[in-house]
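Novice: Residue 101, in full-length UniProt numbering, is where the sequence shown stops; the numbers in between run on with no holes. The beta carbon of each residue, even a glycine, is placed where N, CA and C say it ideally should be. What you are looking at is a predicted structure, and each value in this text was computed from that prediction instead of being measured. This is the structure I have questions about; it appears just below.
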Amino acid sequence: MVTCHLRYVIDPYKLDEFEHYARLWIPLVERFGGQHHGYFLPSEGANNIALALFSFPSLATYEQYRKASMEDADCLSAFDYARQTRCILSYERSFMRPVFG
């Protein structure tokens, strides 16, 4: 299993738009075989950092999802929403493997 950790720098004045974007992606990741662990929005502290975590069975299945998302109408619409609203200033992606008890 591989977990994707996304760290977003968002426009703090567009938090509602980013939350809408986040809600679009949760079912999309799951539709492509991933398990979404949620988005985490600013509460206390920095007002411009948001996180997301989701897992796929392997890096190969994640790569299949990434390729398919570039051709899926709902995914393309979500990407376009972020571009139009400019709620995301930048992001970085890293991959981790979970350790369970």
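#1: Taking contact to mean at least 3 C-beta pairs separated by less than 8 angstroms, is the stretch 39-47 in contact with the stretch 55-66?
#2: Whole angstroms is fine: what's the gap from F18's alpha carbon to A73's?
#3: Less than 6 angstroms between C-beta atoms, sequence neighbours within five positions excluded: which residues of the same chain meet that for A82?
#4: Taking the straight line between their C-alpha atoms, what separation do you get for Q84 and A60?
#5: For E71, which three-state DSSP category applies?
#6: Have a look at Y91 and P12 and give me their C-alpha separation to the nearest angstrom.
#7: Does the ligand ATP have a heavy atom nearer than 6 angstroms to the CB of C87?
#8: What do you get for V29, buried or exposed, if any count of 16 or more other CB atoms within 10 angstroms of its CB means buried?
#9: In terms of residues, what are the limits of the beta strand (DSSP E) holding A22?
#10: Give the C-beta separation of G15 and L51 to the nearest angstrom, bearing in mind that I take them to be a contact with Cβ-Cβ under 8 angstroms.
#11: Compare the C-alpha of N48 against each of F100, S58, I10, I26 and name the closest.
Specialist: So, to answer that:
#1: no
#2: Numbered from 1 along the sequence shown, position 18 holds the residue referred to as residue 18. Numbered from 1 along the sequence shown, position 73 holds the residue referred to as residue 73. Each residue's alpha carbon lies about 19 angstroms from the other.
#3: On the sequence shown, residue 82 is found 82 positions in, with the first residue counted as 1. Closer than 6 angstroms at the Cβ level, and outside the excluded window around A82, lie Y21, I88.
#4: On the sequence shown, residue 84 is found 84 positions in, with the first residue counted as 1. On the sequence shown, residue 60 is found 60 positions in, with the first residue counted as 1. About 31 angstroms.
#5: Mapped onto the sequence shown, residue 71 falls at position 71. If DSSP states are grouped into helix, strand and coil, E71 belongs with coil.
#6: Counting from one through the sequence shown, the residue named residue 91 turns up at place 91. Counting from one through the sequence shown, the residue named residue 12 turns up at place 12. Cα-Cα distance, rounded: 14 angstroms.
#7: The model depicted lacks the ligand ATP and carries no ligand whatsoever.
#8: Sequence index remark: in the sequence shown, residue 29 carries index 29 (1-based). Classification of V29: buried, given that the 10 Å Cβ count is 16 or more.
#9: By 1-based counting over the sequence shown, the position of residue 22 is 22. From DSSP, A22 is part of no beta strand (DSSP E) but of the alpha helix (DSSP H) over 15-31.
#10: Counting from one through the sequence shown, the residue named residue 15 turns up at place 15. Counting from one through the sequence shown, the residue named residue 51 turns up at place 51. The question names Gly, but residue 15 in the sequence shown is Leu. L15 to L51, Cβ: 14 angstroms. No contact.
#11: Position 48 of the sequence shown, counting from 1, holds the residue named residue 48. Of the listed residues, the one whose Cα sits closest to N48 is I10.
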